Amino acid sequence: MLKNLYVHIADNKKAWLFFLIAMSLSLCVAGSVVRYGFLGPIAVLALAAAGAFLYATFNNPRVAFVVYFGYCFVLGFVVKTFLNIPVGLAMDAILLLTWASILVNLNRFNWKALKNEHVLLSAIWFGISVLQVLNPYGGSFTGWFNELRFTALSWLLIAPIVFLLFNQKADLNRFFIFIFFFSCFATLYGVKQFYIGLTNGEQQWLDAGNSVTHILGGTLRVFSIYSDAGQFGASQAIMAVMALVLAMGPFSLIKRLAFGAIALVMLYGMAISGTRGALFALVSGIAFALFLSKNFKVLIIGSAFALSGLGILKYTTIGNDSFQVMRLRSALDPKDASFNVRMMNQKKLAYLLRDEPFGAGLGMSGMNGTTYNADKPIANIQPDSYWVKVWVMYGVVGLFIWFGINCYIIGKCSGIVWQLQDPKLKTKMIALTSGTVGCFICSYGNEVMNAIPSSVIMFMSWSFVFIAPWLDTPKKEIEADGYTL
């Protein structure tokens with residue numbers, strides 16, 4: 270009888286394992302209710318979920334990264350919900366957990382795929398950023414470390430992910446679905462904020478001093494689930510560029526209409542954010558997409574429409590009864606008070622940096638500057654631009670290197686796009702490349718490409734374009750297990 274029992278257990282290992290785990294959890298929940306009340310079972314279930322997540326992660330690192338990517342989109346909402354808890358550290362922990370799983374499963378990946386310019390340049394920029402700890406300007410080590418996480422470390426850790434984990438056509442399609450889903454949700458949540466109201470946490474965030482920039486003339490600049498309205502508006506503009514490019518691609522009519530609808534949703538989200546700089550992301554992204562398409566007839570017609578739209582904004586008063594239109598119009602006004610303040614701040618920074626060719630160091634500008642280096646005059650001058658922030662932290666030498674790296678990657682992506690043969694794949698790569706151009710240009714007005722989720726989308730987009738030649742050649746393509754757009 271015992272022999273038959275052993276045979277049964279051996280043949281049904283998974284069922285017995287599930288039974289034992291379920292029984293153990295049931296006993297733990299029952300015991301915790303008796304001992305700790307309602308909080309007991311919650312803690313037990315949380316530990317069980319964490320255990321399941323760890324098991325799934327070390328079995329497949331893609332699981333952790335998908336969770337990380339989703340968390341990047343909702344982090345702004347989570348921060349405003351749990352104002353006194355450093356929830357941002359969980360984001361870094363999940364990314365590091367992804368890499369821990371990759372290293373544990375070392376032999377499952379093609380590490381030769383990392384021999385490319387994107388990964389190499391991200392490593393070079395990380396090395397330059399690490400050396401900034403030696404900057405003689407005398408900044409805070411904590412400020413340097415916190416800035417390093419976003420300015421260089423995230424780029425270094427995210428750039429190789431696509432080459433190792435998401436190198437199939439199905440992964441590219443899922444990437445588009447993922448970012449469009451969260452972006453549409455963000456706009457819908459933004460509509461809720463605008464017409465229904467804010468949560469208690471969001472209102473507390475505004476009352477803490479953010480209402481100065483987010484409530485203008487009694488109208489809310491919608492920030493949705495992102496960190497602020499600037500990031501929300503710019504991100505929606507970038508997504509609109511991608512959706513518009515796909516809507517003009519060689520896909521079925523239903524899919525093109527779907528992409529067109531997504532683009533309209535994104536444009537509405539951009540409008541209610543009241544983010545003026547998003548206009549430049551939209552214009553530059555569309556212009557670059559037309560350039561990459563090599564359709565000069567469409568380029569001329571598109572440029573004419575774009576210039577006409579900009580002319581209406583700059584030289585007429587049409588739509589001035591709308592707050593959103595007035596905000597966009599002010600972006601083209603050289604007499605705008607905000608623009609003049611930015612110019613004055615840049616003059617002050619130029620004076621303070623006149624003898625600092627390598628800048629003042631990481632963490633010496635922006636939020637980390639005012640938080641950790643408030644005793645330094647340069648740290649209390651707001652850069653109001655990521656380009657300016659790089660100049661302050663890395664100096665004119667670092668700014669030149671950083672600008673060159675970005676331009677090289679964009680140029681490389683453009684060359685790859687022009688050589689692709691598959692028209693559908695080429696359209697997708699045009700969408701990704703033009704979206705990153707919009708993100709890069711828009712970062713002159715706001716700190717877009719150094720904030721999530723835009724930074725993650727940008728780094729992954731570049732990596733997807735770099736692997737496009739693999740996907741364009743059927744013999745080299747890894748068999749996909751998903752579906753195509």
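The numbering used here puts the first residue of the sequence shown at 270, with every later residue one more than the last.
By construction, the Cβ of each residue, glycine as well, lies at the ideal position given by its N, Cα and C atoms.
The structure displayed is predicted, hence computed values, not measured ones.
Beta-carbon spacing of residue i, residue j below 7 Å
i, j, result
"E625", "G673", "no"
"I494", "G396", "no"
"S370", "T420", "no"
"G529", "A516", "yes"
"G546", "C676", "no"
"D741", "L689", "yes"
"I225", "V734", "In the structure as shown, the chain starts at 270 and stops at 754, and residue 225 therefore has no counterpart that could be examined."
"L417", "S391", "no"
"G628", "G667", "yes"
"V348", "V356", "yes"
"V491", "F463", "yes"
"A558", "I699", "yes"
"N715", "G412", "no"
"L701", "S730", "yes"
Between the CA atoms of residue j and residue i - distance to the nearest angstrom
i, j, result
"F432", "P646", "43 Å"
"A455", "P405", "42 Å"
"V332", "T488", "40 Å"
"E746", "L526", "For E746, the predicted structure reports a pLDDT of 43, less than 50, and the residue's modelled location is therefore unreliable. A value from the coordinates is still provided. Between E746 and L526, the C-alpha separation is close to 29 Å."
"Q472", "G486", "17 Å"
"A362", "N374", "18 Å"
"W739", "A556", "27 Å"
"P519", "F444", "19 Å"
"N469", "Y340", "21 Å"
Host alpha helix (DSSP H) of residue i (start-end)
i, result
"W739", "723 to 741"
"M360", "357 to 373"
"Y340", "330 to 350"
"V661", "655 to 688"
For residue i, the three-state DSSP class (helix, strand or coil)
i, result
"T488", "strand"
"M517", "coil"
"T468", "coil"
"S493", "coil"
"N479", "helix"
"Y458", "helix"
"E386", "helix"
"S634", "coil"
"P652", "coil"
"T705", "helix"
"G408", "coil"
"V399", "helix"
"E716", "coil"
Proximal residues to residue i (C-beta, below 6 Å), its chain only, five neighbours per side dropped
i, result
"F449", "I531"
"G502", "M539, S542, T544, A547"
"G408", "G630, G632, M633, N642"
Same chain, Cβ closer than 7 Å to residue i, five either side skipped, listed in chain order
i, result
"G707", "A506, I507, V510, A550, L551, S553, G554"
"F334", "T367, I430, L434"
"G635", "P652, K658, E716"
Cβ-based neighbour list, residue i, same chain, cut-off 8 Å, excluding 5 preceding and 5 following
i, result
"N479", "D497"
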